[in-house]
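Asks: This is the structure I want to talk about, given as structure tokens.
2 protein chains.
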Amino acid sequence: MSESPDKFEVLKLGNQLCFPLYACAKEVVRIYREPLEEIGLTYTQYIVMMVLWEFGTMTEKELGGKLYLDSGTLTPVLKKLEKSGFVKRQRSEKDERSLSISLTNDGINLKEKALNVPQALDGCIHLSYDEMLTLRALLNKALEGTKKRRERNG
Amino acid sequence: MSESPDKFEVLKLGNQLCFPLYACAKEVVRIYREPLEEIGLTYTQYIVMMVLWEFGTMTEKELGGKLYLDSGTLTPVLKKLEKSGFVKRQRSEKDERSLSISLTNDGINLKEKALNVPQALDGCIHLSYDEMLTLRALLNKALEGTKKRRERNG
DNA sequence: CGTAATTAAATTGTGCACAATTTATTTTTT
DNA sequence: AAAAAATAAATTGTGCACAATTTAATTACG
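Sequence order for the protein chains is A and B.
The first sequence begins at 1 in our numbering and counts up by one.
The second sequence begins at 1001 in our numbering and counts up by one.
Put into structure tokens, the structure is as follows:
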């Protein structure tokens, strides 16, 4: 009895979901690098700022929950954003364990300059608007699924 | 004259393609960590091995082309794979600049153990099979687009 | 033919990511 | 209330990722 001839099909790059996901994410971050550099942000700093622009002051923990990042990543990123003058870091009054992250005036004003950053993808990602919406919806759905898993497993 | 009320809509996390892409990719790599650790690979080492399993011996440059990685990333990864005994690194005979990467017997045998790694996503990503196929196709299409851009810009 | 331009790896330096541990604070349990 | 458990940041250590530079080899050009 010979084994199935395509037993190893699952290990081909083209049959994997993980690889285009991984590579595509990196490409997008790479494409964002230049416009972000112009306004003085790295990609990780940019998504932190986006959360603060949208939701306002919150703790490092809450920020990490929205961005899927832990303190090991966020602590140094937030210290740099503080040094750049875009955020304030201060201990919460009602719970000294928590760190409250809020925007400075410079941080608030940066929002205006960031408006054209997402356009960097135009002409790089060759998808129709509908395809883009579908892709975004599927990614968000997949992300939700992993969230449930995180909550179960810690 | 007041400005449009939703001028900043584009900067909301939920309206971005980049964020779910970035977060989803990280989650998948995180989910793969455990099964990969059992067979002695990191995620980056895993995708290198997948290319070698599928296409056989090739140069570091060719490997980088398939994986969207440059020598700055690949050189140390390949040295570790060599130290682990899964690949051989040797200068090409016809071009001493190129490094030829080939599988050892251990590297070939590892393929069998890697067969169940992709299953780690089952139950974590809550997408139907059709949705997964759509997602993969859109990601591959987007990735192709950025490839054209890379070739233009260097 | 010999020099200039190109190319492939390697190296250097910066910035994440994340697991694991530590420290400080708060909450829960006896 | 005191000890134990839980929680939030910070720290430590490893491994990418990538821009920029360097080194060595090859190709192109005058």
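The beta-carbon is built from N, C-alpha and C at its ideal position, and this holds for glycine as well.
Bear in mind that the values here come from a model prediction, so they are computed numbers and not experimental data.
Nearest chain B C-beta to L22 of chain A closer than 9 Å, yes or no?
Replies: Taking the first residue of the first sequence as position 1, residue 22 of chain A is located at position 22. Note on residue identity: the sequence assigns Tyr, not Leu, to residue 22 of chain A. Chain B, which has a Cβ nearer than 9 Å to the Cβ of Y22 of chain A, makes this yes.
Asks: Please tell me whether, using a cut-off of 8 Å, the distance from the CB of V29 of chain A to the nearest non-hydrogen atom of the ligand ZN is below it.
Replies: The ligand content of the structure shown is nil, which means the ligand ZN is not present either.
Asks: In angstroms with no decimal places, state the Cα-to-Cα distance between A1023 of chain B and A1142 of chain B.
Replies: In the second sequence, the residue the question calls residue 1023 of chain B occupies position 23. In the second sequence, the residue the question calls residue 1142 of chain B occupies position 142. Approximately 17 Å between the Cα atoms of the pair.
Asks: With V190 of chain A as the anchor, note down where its alpha helix (DSSP H) starts and where it stops.
Replies: Since the first residue shown for chain A is 1 and the last is 154, residue 190 of chain A is missing from the structure and cannot be characterised.
Asks: Name the residue from A:L110, A:N116, A:Y32, A:G64 whose alpha carbon lies nearest to the alpha carbon of S100 of chain A.
Replies: On the first sequence, position 100 is the one that residue 100 of chain A refers to. Out of A:L110, A:N116, A:Y32, A:G64, A:G64 has the C-alpha closest to the C-alpha of S100 of chain A.
Asks: Going by alpha carbons, who is nearest to A120 of chain A out of B:G1107, B:L1017, B:E1009, B:L1041?
Replies: Counted from its first residue, the first sequence places residue 120 of chain A at position 120. The shortest Cα separation from A120 of chain A among B:G1107, B:L1017, B:E1009, B:L1041 belongs to B:L1017.
Asks: Can you find the residues in the same chain that come closer than 6 Å, C-beta to C-beta, to R993 of chain B, ignoring five residues on each side of it along the sequence?
Replies: As displayed, chain B neither begins before 1001 nor continues past 1154, which places residue 993 of chain B out of reach and without an answer.
Asks: Flag M58 of chain A as yes if its beta-carbon sits less than 9 Å from any beta-carbon of chain B, otherwise no.
Replies: Your numbering for residue 58 of chain A matches position 58 in the first sequence. Chain B, which has no Cβ nearer than 9 Å to the Cβ of M58 of chain A, makes this no.
Asks: I need the straight-line Cα distance from P1020 of chain B to H1126 of chain B, nearest angstrom please.
Replies: The count along the second sequence starts at 1 and reaches residue 1020 of chain B at position 20. The count along the second sequence starts at 1 and reaches residue 1126 of chain B at position 126. Roughly 15 Å between the two C-alpha positions.
Asks: Classify G1107 of chain B: buried if its beta carbon has 16 or more other beta carbons within 10 angstroms, exposed otherwise.
Replies: As a first step, residue 1107 of chain B is located in the second sequence; it is residue number 107 there, counting from the start. G1107 of chain B comes out buried.
Asks: For the segment 1031–1049 of chain B, list every residue whose C-beta sits within 8 Å of some C-beta in chain A, in sequence order.
Replies: If the cut-off is 8 Å between Cβ atoms, the segment 1031–1049 of chain B has I1031, Y1032, Y1043, I1047 near chain A.
Asks: Between the segment 1024–1031 of chain B and the segment 1065–1076 of chain B, do three or more beta carbon pairs fall short of 8 Å?
Replies: No, they do not touch.
Asks: For Q1045 of chain B, is the classification buried or exposed, using 16 other Cβ atoms within 10 angstroms of its Cβ as the cut-off for buried?
Replies: For this step, residue 1045 of chain B is matched to residue 45 along the second sequence. By the 10 Å Cβ count, Q1045 of chain B comes out buried.
Asks: If you measure between the beta carbons of P1035 of chain B and L11 of chain A, is that distance less than 9 Å?
Replies: Start at 1 with the first residue of the second sequence, and residue 1035 of chain B comes out as number 35. Start at 1 with the first residue of the first sequence, and residue 11 of chain A comes out as number 11. The answer is no: Cβ separation not under 9 Å.
Asks: Could you tell me which uninterrupted beta strand (DSSP E) segments, each at least 3 residues in length, are contained entirely in the segment 1069–1146 of chain B, listed from first to last along the chain?
Replies: Within the segment 1069–1146 of chain B, the complete beta strand (DSSP E) runs of at least 3 residues are 1087–1091, 1099–1103.
Asks: Since F55 of chain A is in the alpha helix (DSSP H), which residue starts that stretch and which ends it?
Replies: Locating residue 55 of chain A in the first sequence gives position 55, counting from the first residue. F55 of chain A -> alpha helix (DSSP H) spans 43–55.
Asks: Spell out whether any CB of chain B is found under 9 Å from the CB atom of V10 of chain A.
Replies: Along the first sequence, one-based indexing puts residue 10 of chain A at 10. For V10 of chain A, the answer is yes, since a Cβ of chain B falls inside 9 Å of its Cβ.
Asks: Do K88 of chain A and S98 of chain A come within 9 Å of each other at the CB atom, strictly closer than that value?
Replies: For the purposes of this step, residue 98 of chain A is identified with residue 98 of the first sequence, where counting begins at 1. For the purposes of this step, residue 88 of chain A is identified with residue 88 of the first sequence, where counting begins at 1. Not a contact, by the Cβ cut-off of 9 Å.
Asks: From D1130 of chain B to E96 of chain A, what does the alpha carbon distance come to, in whole angstroms?
Replies: Against the second sequence, residue 1130 of chain B aligns to sequence position 130. Against the first sequence, residue 96 of chain A aligns to sequence position 96. Spanning the two alpha carbons is a distance of roughly 48 Å.
Asks: Quick check: what's the CA-CA separation for L1052 of chain B versus N1140 of chain B?
Replies: Locating residue 1052 of chain B in the second sequence gives position 52, where the first residue counts as 1. Locating residue 1140 of chain B in the second sequence gives position 140, where the first residue counts as 1. Cα to Cα, L1052 of chain B sits roughly 20 Å from N1140 of chain B.
Asks: Taking Cβ-Cβ distances shorter than 7 Å, what residues in chain B pair up with R136 of chain A?
Replies: Against the first sequence, residue 136 of chain A aligns to sequence position 136. The contacting residues are L1017, P1020.
Asks: Please return the same chain residues whose Cβ sits closer than 6 Å to the Cβ of L1013 of chain B, not counting the five positions on each side in sequence.
Replies: On the second sequence, residue 1013 of chain B is found 13 positions in, with the first residue counted as 1. Result list for L1013 of chain B: F1019, in chain order.
Asks: Mind checking whether K80 of chain A and F1008 of chain B have CB atoms under 9 Å apart?
Replies: Your numbering for residue 80 of chain A matches position 80 in the first sequence. Your numbering for residue 1008 of chain B matches position 8 in the second sequence. No, these two residues do not count as a Cβ contact at 9 Å.
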